[in-house]
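Residue numbers (UniProt numbering), protein chains in the order written: chain A, 1 to 137; chain B, 1 to 137. Just so you know, even glycine gets a beta-carbon here, dropped at the ideal spot from N, CA and C.
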DNA sequence: TATTGTTATACTCTATAACTATA
DNA sequence: TATAGTTATAGAGTATAACAATA
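Here it is, written out as C-alpha cells:
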C-alpha cells in the first residue's frame with residue numbers, strides 16, 4: 001500500500017472514532033444510546049418493516065426486535081400493522097419519538113457543523129464528493 | 001444551519017456508518033469484535049496504563065477492565081507491572097496479540113484503500129486536511 | 001487525600017438457532 | 001417452501017458506585 005493510502009486511511013479511521021464519540025455525547029443527555037439515536041433518526045424517514053430496517057442498520061432482525069421492544073416500552077416507537085401482509089409490521093415513530101429523534105438529529109448535526117465551520121467551500125465539496133465515492137452513491 | 005452544512009454533515013454521518021460496517025466486517029473473521037480490534041490496534045503503539053487507555057478509547061476504566069480480562073484470558077494481551085507505580089499496570093500485546101492486531105489493521109486498512117483507490121490526489125489531500133481540522137489536529 | 005485499577009451490579013447490543021404465523 | 005418477525009440463549013460492551021492498595 002502506498003504512502004498516500006496510509007495517510008488517507010489513517011485520517012478516515014480517526015474521523016470515524018471522532019464522529020462516534022460525538023454521536024455518543026449527543027445521544028447520552030437525551031437518555032439514548034448511540035444505536036437507539038441511530039434507529040430513531042432512521043425512522044424519521046420511515047416507517048419501515050423489520051427486515052428492511054435490519055438491512056439499513058446492518059444488524060440481525062432478532063437484535064432489532066430487542067431494540068424495538070425497549071423503545072416501544074418507552075413509547076418512542078410503535079409497531080403498526082402492515083395492511084398488505086399479516087406477518088409483517090411497520091415500525092414508526094410516536095409523537096414523543098419524533099420529537100426525540102429531531103432533538104438527537106439536531107444535536108449531533110449542530111456539533112458536527114461547529115467542527116466543520118472553518119472549512120472552506122472547496123474542501124467541503126471535496127469531502128462530500130469523496131464520501132460519495134466511498135459509500136458508493 | 002445552512003444548506004452546505006446539511007450536505008456535509010449528512011455525508012460525514014453516512015461515512016461514519018460505512019466505516020463502522022467495514023470495521024465490523026474486517027474484525028469478525030478474525031474472531032474479534034470491532035471494539036476488541038480497536039483495543040488491539042491501539043496497543044500496537046503501546047503499552048499503556050488502564051487510565052490512559054480508557055481515555056484513548058473514550059470508555060470508563062471499569063469497562064476496560066472487562067475487555068482486558070477477556071483478551072488476557074485468550075492470551076492476546078498481558079498486564080505488565082509498572083516499575084514506577086505499584087498500583088498501576090501496563091497493558092501490552094502478547095506475540096499472538098501483536099500478530100492479530102497486525103492482521104486486523106491490515107484487513108480494514110486494505111478495505112478502505114480499495115474503496116478510496118479511485119480518488120484523485122487533490123481530493124485525498126482535501127479529505128486529510130479536512131479531517132485534521134475536524135479532529136483538532 | 002488523590003489516584004490506580006478492580007469488583008459488583010444492571011442494562012444494552014449483538015448473534016445464532018429454533019420457532020410461529022403467514023405468503 | 002419461503003419469508004416476516006419473535007423467542008431463547010449466551011456473550012460482549014457499557015456505566016455507576018463502592019472498594020482496596022498505593023501515592
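request  = Could you tell me whether the Cβ of residue 5/B comes closer than 8 Å to any Cβ of chain A?
outcome  = Along the second chain, read from residue 1 onward, the residue named residue 5/B stands at position 5. Yes, its Cβ sits closer than 8 Å to a Cβ of chain A.
message = Comparing C-alpha positions only, which one of 49/B, 74/B, 75/B sits nearest to residue 64/B?
response = Indexing the second chain from 1 puts residue 64/B at position 64. When only C-alpha atoms are compared, the closest one is 49/B.
ask   = Using a C-beta to C-beta distance shorter than 9 Å, which residues of chain A count as neighbours of residue 123/B?
value = Position 123 of the second chain, counting from 1, holds the residue named residue 123/B. In chain order: 126, 127, 129, 130, 133.
query = Would you say residue 13/A and residue 15/B are within 8 Å of each other, going by their C-beta atoms?
reply = In the first chain, the residue the question calls residue 13/A occupies position 13. In the second chain, the residue the question calls residue 15/B occupies position 15. No.
query = Just how far apart, CA to CA, sit residue 75/A and residue 58/A?
reply = By 1-based counting over the first chain, the position of residue 75/A is 75. By 1-based counting over the first chain, the position of residue 58/A is 58. Between residue 75/A and residue 58/A, the C-alpha separation is close to 24 Å.
query = According to DSSP, is residue 28/A helix, strand or coil?
reply = Against the first chain, residue 28/A aligns to sequence position 28. If DSSP states are grouped into helix, strand and coil, residue 28/A belongs with the helices.
key: Residue interval of the alpha helix (DSSP H) (run including residue 40/A)   = Against the first chain, residue 40/A aligns to sequence position 40. Where residue 40/A is concerned, the enclosing alpha helix (DSSP H) stretches over 34-43.
message = Looking only at its chain, what residues have a beta carbon closer than 7 Å to the beta carbon of residue 80/A, apart from the 5 residues adjacent to it on each side?
response = In the first chain, counting from the first residue as 1, residue 80/A sits at position 80. Answer for residue 80/A: 47, 89, 90, 92, listed in chain order.
message = Measuring straight from C-alpha to C-alpha, what distance separates residue 55/B and residue 82/A?
response = Translated into the one-based positions of the second chain, residue 55/B becomes position 55. Translated into the one-based positions of the first chain, residue 82/A becomes position 82. Between residue 55/B and residue 82/A, the C-alpha separation is close to 46 Å.
request  = Rounded to whole angstroms, what's the CA-CA distance from residue 72/B to residue 78/A? Just pull it up for me.
outcome  = If you number the second chain from 1, residue 72/B lands on position 72. If you number the first chain from 1, residue 78/A lands on position 78. Roughly 43 Å between the two C-alpha positions.
query = Listing by chain order, which chain B residues have their CB less than 8 Å from the CB of residue 67/A?
reply = Residue 67/A sits at position 67 when you count from the first residue of the first chain. Going along chain B, no residue has its Cβ under 8 Å from residue 67/A, so there is no contact; the nearest lies around 16 Å.
query = chain A beta carbons: is any one of them nearer than 8 Å to that of residue 62/B?
reply = Here the question's residue 62/B lines up with position 62 in the second chain. Residue 62/B does not count as touching chain A.
Neighbour flag for residue 26/B against chain A, beta carbons, 8 Å = In the second chain, counting from the first residue as 1, residue 26/B sits at position 26. No - not a single Cβ of chain A is within 8 Å of the one on residue 26/B.
query = Would a check of beta-carbon distances place residue 9/B closer than 8 Å to chain A?
reply = The residue labelled residue 9/B in the question sits at position 9 within the second chain. Answer yes: the Cβ-Cβ gap between residue 9/B and chain A drops below 8 Å somewhere.
request  = Verify whether the separation of the beta carbon atoms of residue 103/A and residue 30/A is less than 8 Å.
outcome  = Taking the first residue of the first chain as position 1, residue 103/A is located at position 103. Taking the first residue of the first chain as position 1, residue 30/A is located at position 30. Yes, these two residues count as a Cβ contact at 8 Å.
key: Status (buried if at least 16 other CB within 10 Å, exposed otherwise) for residue 116/A   = Position 116 of the first chain holds residue 116/A. Residue 116/A should be labelled buried.
key: Helix, strand or coil at residue 93/B [DSSP, three-state]   = Sequence index remark: in the second chain, residue 93/B carries index 93 (1-based). Of the three classes helix, strand and coil, the one that applies to residue 93/B here is strand, per DSSP.
ask   = In chain order, what residues of the same chain have a beta carbon less than 7 Å from the beta carbon of residue 96/B, not counting five sequence neighbours either side?
value = By 1-based counting over the second chain, the position of residue 96/B is 96. Closer than 7 Å at Cβ, skipping near neighbours: 75, 76.
Extent of the continuous beta strand (DSSP E) to which residue 78/A belongs = The residue you call residue 78/A lines up with position 78 of the first chain. From DSSP, the beta strand (DSSP E) with residue 78/A extends over 77-81.
Closer than 7 Å at the beta carbon, the chain A residues around residue 115/B = By 1-based counting over the second chain, the position of residue 115/B is 115. Residues of chain A passing the Cβ test: 134.
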